[in-house]
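S.K.:
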Amino acid sequence: MAGTLSGGEQQMLAIGRALMSRPKMLLLDEPSMGLAPIMVQKIFEVVRAVAATGMTILLIEQNAKLALESSQRGYVMESGEITLHGESAQLLDDPKVRAAYLGE
Numbered sequence: 002m003a004g005t006l007s008g009g010e011q012q013m014l015a016i017g018r019a020l021m022s023r024p025k026m027l028l029l030d031e032p033s034m035g036l037a038p039i040m041v042q043k044i045f046e047v048v049r050a051v052a053a054t055g056m057t058i059l060l061i062e063q064n065a066k067l068a069l070e071s072s073q074r075g076y077v078m079e080s081g082e083i084t085l086h087g088e089s090a091q092l093l094d095d096p097k098v099r100a101a102y103l104g105e
């Protein structure tokens with residue numbers, strides 16, 4: 002049955018299955034990869050809703066803007082090294098971050 006679901010539906014199912022075990026932390030690695038834009042928005046609605054319950058989420062995501070808009074803190078890695086970190090709102094407002102990672 003799960004094989005007949007769309008990519009976004011499969012991601013939702015995977016998150017739901019992970020939450021069934023009541024973890025203290027949820028690790029999401031590129032949850033938006035390969036999804037249609039509407040499904041990406043739905044996935045991140047779920048991520049924000051889960052985070053609002055107080056659960057810790059470690060999110061690895063190439064869509065830096067969406068990830069920072071959905072998180073409290075952000076870390077930028079280059080070649081395996083953390084080169085920048087801070088509160089997400091501050092990173093979103095940083096001109097260097099905007100130019101280098103947000104395409105602005």
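For the sequence shown, the residue numbers in the working numbering are 2 to 105. Positions of the beta carbon are idealized from the N, C-alpha and C atoms, including for glycine. What you are looking at is a predicted structure, and each value in this text was computed from that prediction instead of being measured.
1. Can you tell which of A19, R18, M26 and Q11 has its C-alpha closest to the C-alpha of G55?
2. If you follow the beta strand (DSSP E) that M78 is part of, which residue opens it and which one closes it?
3. Would you mind stating whether G9 and L36 have Cβ atoms separated by less than 7 Å?
4. Measuring straight from C-alpha to C-alpha, what distance separates P38 and L85?
5. Pick from I44, A68 and S33: whose alpha carbon is nearest that of G17?
6. Out of curiosity, what's the CA-to-CA distance linking L14 and R23?
7. Roughly how many whole angstroms lie between the Cα atoms of S72 and L6?
8. Compare the Cα-Cα distances from E31 to each of Q12, V47, I61 and E46 and report the closest residue.
9. How many angstroms separate the CA atom of E82 from the CA atom of M40?
M.R.: Reading off the structure:
1. M26
2. R74 to E79
3. yes
4. 27 Å
5. I44
6. 15 Å
7. 28 Å
8. I61
9. 31 Å
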